[in-house]
Structures are given as structure tokens and as C-alpha cells.
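Residue numbering for the sequence shown follows UniProt numbering, starting at 1 and increasing by one per position.
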Amino acid sequence: MYMDETVTTASETAETTDRQTDTQSETADAVLFDMDGVIVNSEDYWVEFEREEILPAAVPDEDIDVAEVTGMNYREIYDYLDDEYGTAISREEYTDRFTEAAEELYTERVELLEGLHDLLAELDARGIETAIVSSSPHEWIGWVTDRFDLEDSFDEIVSADDIDAASKPEPDVFEYAADEIGVPPEKCVVVEDSANGIEAAHRAETVVIAYRIDAHGDIDYSPADWVADSPTEVREIVLDLVD
């Protein structure tokens, strides 16, 4: 499930440009937003937490790149680490640490994507279906929607906990979300930030906007159809694709 962190090559850029040309000819009917790193700027905090606390505690004898697990459901991270390396802490201790960190992070520290309320209002006015599609559990998503008054802003809220399948980079959660909102995957735009999330959305055959953030460094953006470097660019690309 590991993805190498590499800078996009010229050939990869050309391939992305070709896909952009194809997507421009069709109008999307739904927009699916990842939560961590897109809706809220939590990835910097999670990367630091995983790098400095969880990974050293769980697998103290291994030097694991955070990108290896970013985008996965936190419960699956434990299973993955245990299967691949063997873990030095119990599942209960691991879960307690994550839950405690999550509550503080989502209720006190993170900030909302700039202009998100306006973007969601515009999409609603155009009749575009919207959803949160996250590897985080519903409790964590609820902390975000409550804090930022987003409870009624999305047509669906989907957690990886809703499905009995592998999480990102597997496509299942996006395929499930598309089915829930009644829109074929190829007519869905996905906004994602992590390598695993981008790959999952690509495998689901959605139109992928990669939101580039500092937390992930130079990951491989070649599976994405578009790359946005700011909230303004996210808004512009999304609205162009549903126009």
C-alpha cells in the first residue's frame, strides 16, 4: 500500500494534461471532499503526531515514512503496522492516543478551508450533489461539522467506517459515496490531498483534483486530473468542472 514520494515528471504532466482535456468536455454532477487536509487543515498536525508519537510508539525499531499510512483509516493503520512490522503497543492504547489527539485537534486547533461555505452554497445553487468522504470515523467528522456549522451543508457524509472494505488507496469508499448520492463515479469530482487519497479517487475513475499542501511534500500527483495550490484554485477548478 506504500506509494513512493516522487516529483511529477514531464511525461506524467503530459498525461495529466490529456486527462484534463477529456474532463473539460463533460460536466460533473457531484463533488466529493476529503476532510483531513482539504476541508480542514489537519494534515500538518496528524503528520507531526504520527511521526513524533504514534509510529515511534507502535513500531519503535522501524523508520516508517508517514506517507505510507496517510489517508488510511486510523484503525487500519494499526492493522497495517501490525501485519507489516509487528506493534509494540496494544490496540487499546493506540486507539486511546488517536482519539484523544483527534478531539483536541478538531475542536480546538484546525481551521476551515477558506471560502468553503461560499463554495458549497454555489454548488447547492447549481444543483450539484456534495459529500464529505473521509477515512475518519463519524465522531471525528461530527466534531468538524459541529464546530464549523456544516451539519446541513452536504448531501451525504461518508466515513470509511460505513463500508466493510479496504480504505484508501483502494477505491471502495469513493465508489460507495458515488452510489450513495446516486451519481456515477465518472461524473463525480473528488478533492483530495494525500497520495493514498488521490490514488483511491483515480482508481474509482472519478475526476481528481489534488490539493497540494506542505504537509505531504513532493508526493506523486500524476494520478490527479488537476492540481490546485490554494483554496482559490480549488474553487475555480471545481466550479469550472460543474459549469
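Backbone N, C-alpha and C define an ideal beta-carbon position, used for all residues, glycine too.
Treat the numbers as computed from the prediction; the structure is a model and nothing was measured.
Neighbourhood of residue i by C-beta distance below 6 angstroms, restricted to the same chain and skipping five residues each side
| i | result |
| --- | --- |
| residue 21 | Confidence at residue 21 is low in this model, with a pLDDT of 49, below 50, so its placement is unreliable and the value that follows should be read with caution. There are no such residues. |
| residue 33 | 39, 132 and 191 |
| residue 138 | 159 |
| residue 178 | 185 and 188 |
| residue 81 | 58, 59 and 87 |
| residue 202 | 208 and 223 |
| residue 176 | 163 |
| residue 161 | 137 |
| residue 237 | 209, 226 and 228 |
Where the alpha helix (DSSP H) through residue i begins and ends
| i | result |
| --- | --- |
| residue 85 | Per DSSP, residue 85 belongs to no alpha helix (DSSP H) and is neither H nor E. |
| residue 176 | 172–181 |
| residue 57 | 55–58 |
| residue 141 | 138–147 |
| residue 95 | 91–104 |
| residue 198 | 195–203 |
| residue 66 | Where residue 66 is concerned, there is no enclosing alpha helix (DSSP H), given that its DSSP letter is neither H nor E. |
| residue 48 | 43–49 |
Beta-carbon separation (whole angstroms), residue i vs residue j, contact threshold 8 angstroms
| i | j | result |
| --- | --- | --- |
| residue 187 | residue 29 | 5 angstroms |
| residue 224 | residue 209 | 7 angstroms |
| residue 102 | residue 216 | Contact doesn't hold; Cβ gap of about 19 angstroms is too wide. |
Proximity of residue i and residue j at Cβ, strictly below 8 angstroms
| i | j | result |
| --- | --- | --- |
| residue 109 | residue 45 | yes |
| residue 183 | residue 129 | yes |
| residue 193 | residue 43 | yes |
| residue 172 | residue 163 | yes |
| residue 111 | residue 41 | yes |
| residue 37 | residue 135 | no |
| residue 106 | residue 144 | yes |
| residue 204 | residue 231 | no |
| residue 157 | residue 181 | no |
| residue 74 | residue 98 | yes |
| residue 53 | residue 85 | no |
Range covered by the beta strand (DSSP E) that runs through residue i
| i | result |
| --- | --- |
| residue 32 | 30–33 |
| residue 210 | 207–211 |
| residue 111 | Neither: residue 111 is in no beta strand (DSSP E) and is coded neither H nor E. |
| residue 192 | 188–192 |
| residue 234 | Looking at the DSSP string, residue 234 is not in any beta strand (DSSP E); the run it does join, the alpha helix (DSSP H), is 231–242. |
| residue 129 | 129–134 |
| residue 38 | Segment: none, residue 38 is in no beta strand (DSSP E) and carries neither H nor E. |
| residue 156 | 156–159 |
| residue 228 | 226–228 |
Beta-carbon contacts of residue i that lie in its chain and below 8 angstroms, excluding the five residues immediately before and after
| i | result |
| --- | --- |
| residue 242 | 27, 28, 29, 31, 123, 126, 128 and 189 |
| residue 166 | 76 and 172 |
| residue 83 | none |
Cβ neighbours of residue i in the same chain (closer than 7 angstroms, five flanking residues each side left out)
| i | result |
| --- | --- |
| residue 116 | 39 |
| residue 229 | 212 |
| residue 35 | 132, 134, 136, 141 and 144 |
| residue 89 | 57 and 58 |
| residue 174 | 32, 133, 185, 190, 200, 201, 204 and 206 |
| residue 227 | 210, 212 and 221 |
| residue 235 | 115 and 119 |
| residue 91 | 78 |
* Using 8 angstroms as the threshold, is the segment 42–62 in touch with the segment 146–161, meaning 3 or more CB pairs across them? -> Contact between the segment 42–62 and the segment 146–161 is absent, because fewer than three Cβ pairs lie under 8 angstroms.
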